[in-house]
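Be aware that the sequence shown starts at 630, since it is given in the working numbering, and climbs by one per residue.
From the three backbone atoms N, C-alpha and C, an ideal C-beta is built for every residue, glycine too.
Down below is the structure, laid out as structure tokens.
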Amino acid sequence: MRNKHQLEYKHLGLTIAYYRKEHGLSQMQLAELIGISRTHMSRIETADCAVSLDVVFDICSALNVTPSRLFNFRID
């Protein structure tokens, strides 16, 4: 994915992967919890696609984290 916000998507994906692993979930398990494919989950975590707010909110619910925690990164 080429996007002017590529770096932000990369950090978001890494943060999602961090919290997913903290909860002991595989990409497949998290994907099933929120109703998307494992491939889509992988593409979100590797910043290969844009992610909708609906999916972000579903991820937050499944991982019991606030959206602000997922977006708590600094881009210089």
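- Two segments are said to touch when three or more pairs of C-beta atoms, one from each, lie closer than 8 angstroms; by this definition the segment 696-705 does not touch the segment 655-674.
- Secondary structure at R672: helix, using DSSP grouped into helix, strand and coil.
- Closest option to I663, judged by alpha-carbon separation, among E637, I688, D677, K650: I688.
- Setting aside the 5 residues that flank it on each side, F702 is surrounded in the same chain by H640, each with a C-beta closer than 6 angstroms to its C-beta; the list follows chain order.
- In this structure A679 is exposed. Its beta-carbon is surrounded by fewer than 16 other beta-carbon atoms within 10 angstroms.
- Around D683, the same chain offers no residue with a beta carbon nearer than 8 angstroms, after the five sequence neighbours per side are excluded.
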